[in-house]
Amino acid sequence: ARVAVLLSGRGSNLRALVEGAQGYRVVLVASDKPDAGGLAWAAEQGIATFALSPRGIGKQTYEEALDAALCQAGVQVIALAGYMRLLSDAFVDRWRGRMINIHPSLLPKYKGLDTHARAIAAGDAVAGCSVHLVTEELDGGELLGQAEVPIEPGDTPDSLAARVLVAEHQLYPRVLSEFSRAMTDHPALPRLRDLAHA
Ligand code: GRF
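Here UniProt numbering is used: the sequence shown runs in plain steps of one and ends on residue 202.
1) Buried or exposed, going by whether 16 or more other CB atoms sit within 10 Å of the CB of D143?
2) Locate the alpha helix (DSSP H) running through L163, then write down its first and last residues.
3) Nearest to L148 by alpha carbon, out of C133, E156, P161?
4) Can you give the Cα-Cα distance for A72 and L32, rounded to whole angstroms?
5) Using a threshold of 7 Å, is the CB atom of P108 nearer than that to any non-hydrogen atom of the ligand GRF?
6) Nearest to N105 by CA position, among G50, L18, A94, A5, is which residue?
7) Is it buried or exposed, S57, if we count other Cβ atoms within 10 angstroms and call 16 or more buried?
8) Going by CA-CA distance only, name the one from E68, A85, P38, V81 that's closest to R185.
9) Which residues does DSSP list as the beta-bridge partners of F54?
10) Using a Cβ distance threshold of 8 Å, determine whether the region 89-102 contacts the region 115-134, with at least three qualifying pairs required.
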């Protein structure tokens with residue numbers, strides 16, 4: 005399948021997805037943060053990039069431009085990888101069943117931010133990461149895969165995050181690979197004329 009990765013930051017999961025690609029190809033890396041590290045890395049690899057900040061243009065215009073870029077690249081599957089902006093219900097609906105995310109907790113535990121600090125504060129013995137379908141509910145869509153890591157005595161949010169990240173880099177390419185194989189029969193979606201009317 006032709007995959008777009010959406011990110012806002014350093015892009016270590018992007019790197020794992022590109023390096024572990026089997027049964028899919030990352031054809032576009034898009035970001036709401038034009039200075040995201042992951043964008044620069046993608047450009048160095050010769051992967052097409054799309055960078056646009058929603059600041060000043062509004063969410064709808066931003067998402068329409070993003071959607072147009074995705075369609076132009078023939079994208080079939082979107083993989084969110086550290087994309088830190090909430091997508092509108094219209095955008096989510098338009099890509100329903102074709103957009104996945106990785107989250108650094110064992111969902112349904114710890115949706116949202118500060119997952120590692122919350123897992124440590126709760127006294128959990130295990131933490132981990134989850135890949136799930138994106139729906140209108142933040143971090144709430146159907147689970148596609150999870151990996152567990154132990155929480156060690158003396159762990160800080162940073163030390164735990166580093167351990168979970170290693171697991172993320174193994175889990176995400178594997179799940180995306182399985183997911184993409186199921187998608188490859190579907191052609192790219194037609195361009196949305198107007199997301200507001202979707
Ligand atoms: C990862 O921990 C991911 O689970 C979360 O954001 C972080 C992104 O890190 N959604 P990176 O940019 O892929 O290095």
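Here a beta-carbon is modelled for each residue, glycine too, at the ideal position from N, C-alpha and C.
In this text the structure is predicted, and so the values were computed from the model without any measurement.
For this structure:
1) Position 139 of the sequence shown holds residue 143. When all chains shown are included, D143 counts as buried.
2) For the purposes of this step, residue 163 is taken as residue 159 along the sequence shown, with counting starting at 1. The amino acid occupying residue 163 in the given sequence is Ser; Leu does not appear at that position. 161-187 is the extent of the alpha helix (DSSP H) around S163.
3) Reading the sequence shown from its first residue, position 144 is the one you call residue 148. Ranking the options by Cα distance to L148, first place goes to C133.
4) The sequence position of residue 72 within the sequence shown is 68, counting from 1. The sequence position of residue 32 within the sequence shown is 28, counting from 1. Each residue's alpha carbon lies about 12 Å from the other.
5) In the sequence shown, counting from the first residue as 1, residue 108 sits at position 104. Within the cutoff, so yes.
6) Stepping through the sequence shown from its first residue, residue 105 is reached at position 101. Taking only the C-alpha atoms, the option nearest N105 is L18.
7) Along the sequence shown, read from residue 1 onward, the residue named residue 57 stands at position 53. Its Cβ having fewer than 16 others within 10 Å, S57 is exposed.
8) As a first step, residue 185 is located in the sequence shown; it is residue number 181 there, counting from the start. Among E68, A85, P38, V81, the Cα nearest to that of R185 is on V81.
9) Counted from its first residue, the sequence shown places residue 54 at position 50. Answer by DSSP bridge pairing, in chain order: A34.
10) no
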